[in-house]
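Chemist: Following this message is one structure expressed as structure tokens.
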Amino acid sequence: MPVPSVDTHCPYCALQCGMRLTGSRVEPRDFPVNAGGLCQKGWTSGDLLRSGRRLTTPLVRRGGELEPASWDEALDVVGGKLRELREQHGPDSVAVFGGGGLTNEKAYQLGKFARVALGTSQIDYNGRFCMSSAAAAGLQAFGADRGMPFPVTDLGGADVVLLAGANPAETMPPFVQHLRGADLIVVDPRRTPTAELAGLHLAPAPGTDLALALGILHAVVAEGHLNKSFVDLRTAGFDEMWRIAAAWWPERAERVTGVSAADQRAAAAKLAGARNAYVLTARGTEQHATGTANVGGWINLALALGLPGREGSGFGCLTGQGNGQGGREHGQKADQLPGYRKITDPAAREHVAGVWGVPPESLPGPGRSATELLEALGHDDGPRALLVFGSNVVVSAPRSSGVQKRLSSLDLLVVADLVFSETAALADVVLPVTQWAEEDGTLTNLEGRILLRRKALDAPPEVRTDLEVINGLATRLGQPAARFPVDAETVFEELRAASKGGTADYSGVTYDRLRAGEALHWPVPDENHPGTPRMFLDRFAHPDGRARFAAVDHTGPAELPDADFPLQATTGRVLQHYQSGAQTRRITELMDVVPEMFVEVHPDTAARSGLADGERALVRSRRGETVAKVRCVGSLRPDLVFLPFHFPGEGRANLLTNPALDPVSRMPEFKVCAVALSKVDT
Ligand code: SF4
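Anchor point for the sequence shown: position 496 equals 577 in our numbering, and the numbering is continuous, going up by one each time.
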């Protein structure tokens, strides 16, 4: 019988390109965000479906070794230990760590499982490492956080687009076709493939993004380009913001950032002269201990120009992970309940508890954020057990050597994953779960559009879905099986009810509407509602309908270079790999291109350190050291080195990174830390 083709979406990034799967064979299809394009990761994404490099049986640690076990054995071990820990040490002795790649249904069910079955407040997810600063700044400014409050295709009508810390030409190449008609201003310390496309590339010193945003804003106002009627009618807080920004004339910003005042004024003039313009941010400006303020600075610039809240212009954030948007809306975040509701809001607690059939007072309060949770593991007042779903924290968390030690010291570490990741290797119990194409589920892409990813082929027999795993654990904790259904559409029906009335209202979305191909961007408050492709056109989501300027000032990175650590390091992605590389490092075609850890260094800096292109370098920070192959890059700033964060072992970039946290978003400072470079002693 011929294998049927199924229209679905890529398993990787938040663009969620449309593709057609026939068995494990991938073809692109015409979908608005990718218009028939796929990047190399997308083209090769079927390779892992029939790969021998995936997990196919549960593993339980016995006598120090992980050994194959039946599902009943594995789940009984976990259930028994969880009951024991909760009885002896209370519900917060057990923690849950989720992921931004989990479907909406899984993210929802995981949050419910933590709060109802475990009764723990200790749940957070790896999205905290990804877009939390943009989310926090968006909430502060607009009263609602949807990465792009407009469809991606709107960018095609822009004259000018400013990209701050975004490198889509490398991280999501099909996205770039929407920027073809625009004059690009790219803000990035590195000359990235995206910067190569720019009419104006501004390369600030690492950690000085906000000073640059303030300098450009100052030029906008000083040159008479402030959109006064927009500011008066649709915003609040300009005067408080300007009391700080007025001191950031471009010459002062030049001294801090290294970007010339003339270039700052040129950027201001380009943006002000555009009929339609956008300001977009991504991880480069967000992953800082000042990430929320940085994004606030770029939003201030957009608001001063009157860009948000009007069709054809705007402000947005390029969300990173496949379900980075939906993953932060349905309750796997430490401070949230489904529908993007605050867990501290009594009305939200009552509504969600009603849907879950439990008393509101039984729901725990907010828990620790991701980094704080991982740092607390194994401490006297910290969790003694951790359940990890869809995340590889040994590679992706900051100061990861400490995380590795703490995971090893736990009473119980459980990892549900499709591959034997570096985190799974430390686990007491490993649970093999299905992949994207082996199950139904919804995701919400970077433009807030809810998408159905459909089952295209059967999983190996000994593999279960995450929803089945959650059900198996919940029933072992005494929960009725019906409270934790295993069918994705049934879970989605409950999610709809839980989200009703919330900021991210999915109550009008049904699987049937998605199967019919309707383009549904949240909020969708009823089944006759067409969705909301463009938000904020009439009013922003604050009670008074006005957007808020942020009164933010430049403070700089948490750590500066000195005589011992004279360089700055920044981290990021390459085209061929995704996140911790757990999936893409198992795909031969991708590994053939980028097989190992490397460090980009300016040739003069390499020479001063006694290093040549292709040699192995030792990169040290105040927290650890990593080994990487030198790539000399003449366009790189001599004071900067770049490391991709996809590789494990002694080549982990996150052995170096600084866990200093943003005070609002609790984002760690992945994007800048002080390092030293030397030859590897042989
Ligand atoms: Fe997949 Fe993102 Fe590449 Fe599209 S751009 S094919 S969604 S990884």
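By construction, the Cβ of each residue, glycine as well, lies at the ideal position given by its N, Cα and C atoms.
For P109, which option in T89, C94, T546 has the closest C-alpha, if you only look at C-alpha atoms?
Modeler: It is T89 whose Cα lies nearest to the Cα of P109.
Chemist: Can you tell me which of the three DSSP states S580 falls into?
Modeler: Residue state, collapsed to three classes: helix.
Chemist: When we look at the beta-carbon of L618 and count the other beta-carbons within 10 Å, is it buried (16 or more) or exposed?
Modeler: That one is exposed.
Chemist: Is any non-hydrogen atom of the ligand SF4 found closer than 7 angstroms to the C-beta of G405, if you look at the structure I gave you?
Modeler: No; taking the cut-off as 7 angstroms, the Cβ of G405 has no heavy atom of the ligand SF4 nearer than that.
Chemist: Under a Cβ-count criterion, where at least 16 other Cβ atoms within 10 Å of its own Cβ denotes burial, should Q169 be classed as buried or exposed?
Modeler: So Q169 ends up on the exposed side.
Chemist: Skipping 5 residues on each side, what residues in its chain have a beta carbon closer than 6 angstroms to that of Y421?
Modeler: Same-chain partners within the cutoff: E410, G583, T584, A585.
Chemist: Is there at least one non-hydrogen atom of the ligand SF4 closer than 7 angstroms to the beta-carbon of Q97?
Modeler: Correct: Q97 has its Cβ closer than 7 angstroms to the ligand SF4.
Chemist: Go through its chain and collect everything with a Cβ distance to E431's Cβ below 7 angstroms, but skip five positions before and after it.
Modeler: Once the five neighbours on either side are set aside, the close Cβ partners of E431 are P441.
Chemist: Taking just the CA atoms, how far does P331 sit from M229?
Modeler: Approximately 29 angstroms, taken between the alpha carbons.
Chemist: Mind checking if P331 is an interface residue toward chain C, Cβ cutoff 8 angstroms exclusive?
Modeler: The displayed structure is made up of one protein chain only, and chain C is not part of it.
Chemist: Do you know how far the Cα of L455 is from the Cα of S702?
Modeler: In a straight line, the C-alpha of S702 is about 20 angstroms away from that of L455.
Chemist: Given a cut-off of 8 angstroms, decide if N248 and S477 are closer than it, judged by their beta-carbon atoms.
Modeler: No, they are not a contact pair.
Chemist: Can you tell me whether A176 is helix, strand or coil according to DSSP?
Modeler: Residue state, collapsed to three classes: strand.
Chemist: Does any heavy atom of the ligand SF4 sit closer than 7 angstroms to the C-beta of C713?
Modeler: The answer is no for C713.
Chemist: According to DSSP, is S443 part of a helix, a strand, or is it coil?
Modeler: Three-state DSSP puts S443 in a helix.
Chemist: Can you check which of these residues, V700, S86, L147, is closest to V495 by C-alpha distance?
Modeler: Of the candidates V700, S86, L147, the one whose C-alpha sits nearest the C-alpha of V495 is L147.
Chemist: Pull up the distance between the alpha-carbon of R480 and that of A188, whole angstroms please.
Modeler: Rounded to whole angstroms, R480 to A188 spans 26 angstroms at the Cα level.
Chemist: E148 bridges to which residues according to DSSP?
Modeler: Paired residues: V141.
Chemist: Pull up the DSSP beta-bridge partners for C98, would you.
Modeler: DSSP output for C98 lists no bridge partner at all.
Chemist: Sorry if obvious, but does the Cβ on L742 come closer than 7 angstroms to a heavy atom of the ligand SF4?
Modeler: False, no ligand heavy atom lies under 7 angstroms from that Cβ.
Chemist: To which residues of the same chain is H259 closer than 7 angstroms at the C-beta, ignoring the five residues directly before and after it?
Modeler: Contacts found: V233, T234, L236, G237.
Chemist: Would you mind sorting T669 into buried or exposed? The rule is 16 or more other CB atoms within 10 Å of its CB.
Modeler: It is exposed - the Cβ of T669 has fewer than 16 other Cβ atoms within 10 Å.
Chemist: So the beta strand (DSSP E) N739 belongs to, where does it begin and stop?
Modeler: Start and end: 739-742.
Chemist: Short of 8 angstroms in beta carbon distance, which residues of its chain neighbour R106, apart from the five on each side in sequence? Order them along the chain.
Modeler: Taken in chain order, the residues that qualify are G127.
Chemist: Consult DSSP for D586 and reduce its assignment to one of helix, strand or coil.
Modeler: Coil at D586, not helix or strand.
Chemist: Say yes only if the C-beta of G529 is nearer than 7 angstroms to one or more non-hydrogen atoms of the ligand SF4, and no if none qualify.
Modeler: Checking every heavy atom of the ligand SF4 against the Cβ of G529, none is found closer than 7 angstroms.
Chemist: Would you check if there are 3 or more beta carbon pairs closer than 8 angstroms linking the segment 113-122 to the segment 134-145?
Modeler: Contact between the segment 113-122 and the segment 134-145 is absent, because fewer than three Cβ pairs lie under 8 angstroms.
Chemist: Are there any heavy atoms of the ligand SF4 lying less than 7 angstroms away from the beta-carbon of L119, as far as the coordinates show?
Modeler: Within the cutoff, so yes.
Chemist: Is the separation between the beta-carbon of V433 and that of K351 shorter than 8 angstroms?
Modeler: No, these two residues do not count as a Cβ contact at 8 angstroms.
Chemist: How big is the Cα-Cα spacing for R712 and V302?
Modeler: Their Cα atoms are separated by approximately 42 angstroms.
Chemist: With DSSP run on the structure shown, which of helix, strand or coil describes D88?
Modeler: D88: strand per DSSP, three-state reduction.
Chemist: If contacts are defined as beta-carbon pairs under 8 angstroms, then C211 and G181 qualify, I think. What distance do you get, rounded to the angstrom?
Modeler: Going by Cβ atoms, the distance from C211 to G181 rounds to 6 angstroms, so yes, they are a contact pair.
Chemist: Quick check: the segment 212-222 against the segment 357-368, are there 3 or more CB pairs under 8 angstroms?
Modeler: Yes: at least three Cβ pairs fall under 8 angstroms.
Chemist: Considering I551, what are the terminal residues of the alpha helix (DSSP H) in which it resides?
Modeler: Where I551 is concerned, the enclosing alpha helix (DSSP H) stretches over 547-557.
Chemist: Following a CB-centred definition, is G662 positioned closer than 7 angstroms to any heavy atom of the ligand SF4?
Modeler: No, the Cβ of G662 stays beyond 7 angstroms of every heavy atom of the ligand SF4.
Chemist: Going along the chain, which residues of its own chain have a beta-carbon closer than 7 angstroms to the beta-carbon of E608, five neighbours each way excluded?
Modeler: These residues qualify, in order along the chain: G589, T591.
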